[in-house]
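Using my numbering, read the sequence shown as starting at 30 and increasing by one per residue. Backbone N, C-alpha and C fix where the C-beta goes; we use that ideal spot for every residue, glycine too. See structure below.
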Amino acid sequence: MKSVLLAPNKQPDWSEVFDGNKVWWVSIKMDGTRCIILNGKAYTRAGKRFPNPRVDTMLRPLLDLSSQYGYWFDMEIYDHTMEHHAQHNAVLMAHDKAIPPTMCARVFDGGSSHDWEAPCSTYRDRFDRITPIVQGCGSEQWTMVTQWHVSDLTR
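What follows is the structure, encoded as structure tokens:
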């Protein structure tokens, strides 16, 4: 399986971020648990399946879209009532814990299987294509995360 670590695990060169020559997108930092849906299955950041079967129940419509149409989704499973990702993991990695009603998935990115195997579209293109698909699932338990272009934040 291709690595699910989509973003480089290093700090960017901040002089490049603010010089206007590169396009950077940013979002709210959530201290939840990273989740990648690929080929109809939900994976942790390490590429392992979540042991709690209720995770699949919570994400069922997105898993079905992934399985049926080849979409992938990159998200953070998050609960605003929990203070640290270890609390999220205590639920998600357990075999028998209920998913709290306040827990939700915030989708950051997604695309077609082609985008996963041979990325050629820009983040903005993927975001614009995947947003109506996620919103069309009709649940408040998963939503798209608002993204800002860095230039919008520096004006």
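What's the C-alpha gap between residue i and residue j?
| i | j | result |
| --- | --- | --- |
| residue 116 | residue 80 | 15 Å |
| residue 30 | residue 77 | Only weak support exists for where residue 30 lies, its pLDDT of 46 falling under 50; the value from the coordinates is given anyway. Roughly 11 Å separates the two Cα atoms. |
| residue 163 | residue 112 | 26 Å |
| residue 90 | residue 82 | 15 Å |
| residue 124 | residue 84 | 10 Å |
| residue 101 | residue 152 | 13 Å |
| residue 75 | residue 154 | 26 Å |
Short check: CB of residue i to CB of residue j, under 8 Å?
| i | j | result |
| --- | --- | --- |
| residue 150 | residue 140 | yes |
| residue 68 | residue 96 | yes |
| residue 156 | residue 144 | no |
| residue 66 | residue 92 | yes |
Quick check: does the Cβ of residue i come within less than 7 Å of any heavy atom belonging to the ligand SAH?
| i | result |
| --- | --- |
| residue 106 | Of ligands this structure carries none, so the ligand SAH is not represented either. |
Let me check understanding here. Comparing Cα to Cα, which of the options lies closest to residue i?
| i | options | result |
| --- | --- | --- |
| residue 136 | 124, 82, 146 and 158 | 158 |
| residue 129 | 93, 66, 142 and 110 | 110 |
| residue 133 | 99, 71 and 87 | 87 |
| residue 72 | 121, 114 and 94 | 121 |
Give every residue of the same chain whose Cβ lies closer than 6 Å to the Cβ of residue i, excluding the five residues on either side of it in the sequence, and list them in chain order.
| i | result |
| --- | --- |
| residue 98 | none |
| residue 142 | 99 |
| residue 94 | 100 |
| residue 131 | 108 and 110 |
Give every residue of the same chain whose Cβ lies closer than 8 Å to the Cβ of residue i, excluding the five residues on either side of it in the sequence, and list them in chain order.
| i | result |
| --- | --- |
| residue 126 | 81, 83, 119 and 120 |
| residue 114 | 60, 61 and 62 |
Legend entry - the stretch 60-80 / the stretch 96-116 touching (three or more Cβ pairs under 8 Å): yes
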